[in-house]
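Residue numbers for the sequence shown follow full-length UniProt numbering, beginning at 1 and rising by one.
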Amino acid sequence: MESICSSMEKLFPCREAAIGILGELIGDSKEAYPSAIYLFGHSGTGKTALTRAFLKECGRKQNVRTAHLNAIECYTTKIMLEILLDSLAPGQGDALKADNMLDFVEQLHQWHGAPGAESQGFLIAVDNAERLRDMDANVLPVLLRLQQLTSLNLCVILLSQLPFEKFYNKTGLSEVISLHLAQYNKAETQRILGSDFAQVRSQLLEQFAQDTKRLEICQEAVTEEFYNNYLNLFLSVFYKACRDVPELQLTARKCLSIYLEPVLDGTVEATDISRLWRHIAGPLRSALTQIYMRIEKPPEETEDFAAIEDQSVRKLAQSLELPYYAKFLLIAAFLASHNAANQDKRLFVKHHGKQRKRMQMVNARAKTTEKMSTTLGPKSFSIDRLLAIFYAILEEKVGLTCNLLSQISTLVHLKLLSFVSGEQNIMDGSARLQCTIGLEFVMQIGKVVGFNVRQYLCDFM
């Protein structure tokens, strides 16, 4: 198991503690496994990739049969059981069938008396395990007690974004060992993004293989220090709005060519970080408004890319099918993210009283583009503030219902909003969110519902 853990630690930096705990819990196939392990954390924290790699290594280096499935793909219990049996006993075809959990348990129990079964281990991993709650009532309880029911050395690993408390039902569930994968902090994120430097450098050298001049500059300029400086600037813009490592990795690679452009042209030195920051700041903030959207740059129309980009955002916003009130919630979230909380009374209350003009206030409003809130990026806000702004901008009276609150969850699921903290404490008001969309996008949403977004932004007053 030590060799498995050491090989995985190289693949998953900053997850040494979680890998060590998994190694201690699973151990050797000759040792008794725990009946169930519950692995949970936000998206992009490495749950699925880590578990897949762990099962693959266990299957290769130990006498272990493994199965990994995604509960989203299993819309019936029968499909899920067939996938598990095919993975645990490959090549047996139609010989193994299970229409329900009873048949599945009987099939596994028959393996108990087979030769070599005593020294063999079984590992089953179920991704998006929260979907098991929507299946037959006996699926989840049986999976948690599968080791006891089959007498096999078997462990079920459940992966989810929810804490295990959300799984409890009236009949109760067996206790499981919970392992939380926390979100990466900024230093850990930079270390993970920087770990693929060799691959990024080789791709750049391959890209400029035909251009001798640029190839020489790239070989000299693109060092590990240069790449780390770029990642530091990149995360200063993106880290507050997005913690999803795969998404950050994809966006960082897209923006690197823009950062490298003046160095390759010879106009800026690779060590002049301040000038490189001035060059990349605008494109980074533009990319921040389109994260998760997958808007590709046309190869032949580089000069008109900004116009094409705006047009793509408009089309996406106009084609986004959201409920009527969800659109107003999205607008309210954008206003909460890009306005100071102390300006809410002046912006959203009709009779807020007169405001004296002072020179400090006049100078403060004479903002440059770099200092505008819509350019600096989103700030966090509470649920209470979101709902207060929502009711202020909505002309009709609407009651606070479960349906309305569920639309906030829909916006989070669509990545239009993201949790900053307190995801599990929505009802007590301590949760804080951010709006991840840009000004152009929200203005198009405003046009659809007939609302002028600019009128309620401090940057344009």
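The beta carbon of each residue, even a glycine, is placed where N, CA and C say it ideally should be.
First through last residue of the alpha helix (DSSP H) which encompasses residue i
i	result
residue 255	245-265
residue 345	344-348
residue 394	Residue 394 -> no alpha helix (DSSP H), and no H or E assigned at all.
residue 226	224-238
Bridge partner(s) assigned by DSSP for residue i
i	result
residue 381	433
residue 419	433
As assigned by DSSP and simplified to three states, the class of residue i
i	result
residue 369	Confidence at residue 369 is low in this model, with a pLDDT of 45, below 50, so the placement of that residue is unreliable and no value is reported for it.
residue 208	coil
residue 177	strand
residue 162	coil
residue 188	helix
residue 323	coil
residue 1	coil
residue 457	coil
residue 438	coil
residue 291	coil
residue 410	helix
residue 268	coil
residue 183	coil
residue 242	coil
residue 197	helix
residue 329	helix
residue 451	coil
residue 340	coil
residue 403	helix
residue 308	Residue confidence is low: residue 308 scores 46 on pLDDT, short of 50, so the model does not pin down where it sits. Its coordinate-derived value is still stated next. Note: residue 308 maps to helix in three-state DSSP.
residue 303	Unreliable positioning characterises residue 303 in this predicted model, as indicated by a pLDDT of 43, which lies under 50. The coordinate reading is nonetheless provided below. If DSSP states are grouped into helix, strand and coil, residue 303 belongs with coil.
Check: residue i C-beta below 7 Å from any heavy atom of the ligand MG
i	result
residue 446	By its list of ligands, the structure shown contains no ligand whatsoever, and the ligand MG lies outside what it can speak to.
Quick one: any contact between the segment 440-450 and the segment 339-346, if contact means 3 or more CB pairs under 8 Å?
no
Of all the beta strand (DSSP E) runs that stay within the bounds of the UniProt domain "Orc1-like AAA ATPase" (12-157), which reach a length of 3 or more residues?
36-40, 64-70, 121-127
Spell out a yes or no on whether the segment 177-196 and the segment 66-77 are touching, meaning 3 or more CB-CB pairs, one atom from each, closer than 8 Å.
no
Under 8 Å: do the segment 227-234 and the segment 23-42 share three or more Cβ pairs, one atom per stretch?
no
Any contact of the segment 254-269 with the segment 209-226, i.e. 3+ C-beta pairs under 8 Å?
yes
Answer yes if the segment 319-330 comes into contact with the segment 433-445, meaning at least three C-beta pairs across the two stretches below 8 Å, and no otherwise.
yes
Taking three-plus beta-carbon pairs below 8 Å as touching, is the segment 154-166 in contact with the segment 95-103?
no
Would you call the segment 51-67 and the segment 199-213 touching, i.e. three or more CB-CB distances under 8 Å?
no
So does the segment 235-253 actually touch the segment 405-412, counting three or more Cβ pairs closer than 8 Å?
no
Taking one C-beta from the segment 170-190 and one from the segment 39-58 each time, how about it: are there three or more such pairs within less than 8 Å?
yes
Within 8 Å, do at least three Cβ pairs link the segment 42-55 to the segment 237-248?
yes
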